[in-house]
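Numbering (full-length UniProt numbering), first residue to last: 1 to 67.
Note that the Cβ used here is the ideal one computed from N, Cα and C, for glycine as well.
Keep in mind that this is a model prediction, so the values were computed, not measured.
Here is the structure we will look at, set down as structure tokens.
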């Protein structure tokens, strides 16, 4: 339950733009260990590559300059 509330709050930071970099970095810190724990060892290729796409998008969002 706590993880769901956490993801909703951080996703709000990411979506509404004021603290988009903070939101993307926090989502990265949450997504990478989650990907390793849940999708790599019982290797689910579709889920691993889907999460890697999300990681790539979050990295781009974290390093780009705001307009």
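The alpha helix (DSSP H) enclosing residue 131, as first and last residue numbers: In the structure as shown, the chain starts at 1 and stops at 67, and residue 131 therefore has no counterpart that could be examined.
Which runs of the beta strand (DSSP E) spanning at least 3 residues fall entirely within the segment 1 to 26, listed in chain order? none
Please check the pair residue 58 and residue 27, which I expect to be a contact at CB under 8 angstroms, by giving their CB distance rounded to whole angstroms. 6 angstroms
Mapping the DSSP letters down to three states, classify residue 33 as helix, strand or coil. helix
Is it right to say residue 43 is buried, meaning 16 or more other beta carbons lie within 10 angstroms of its own, or is it exposed? exposed
Top-ranked residue by Cα proximity to residue 51, from 65, 31 and 14: 31
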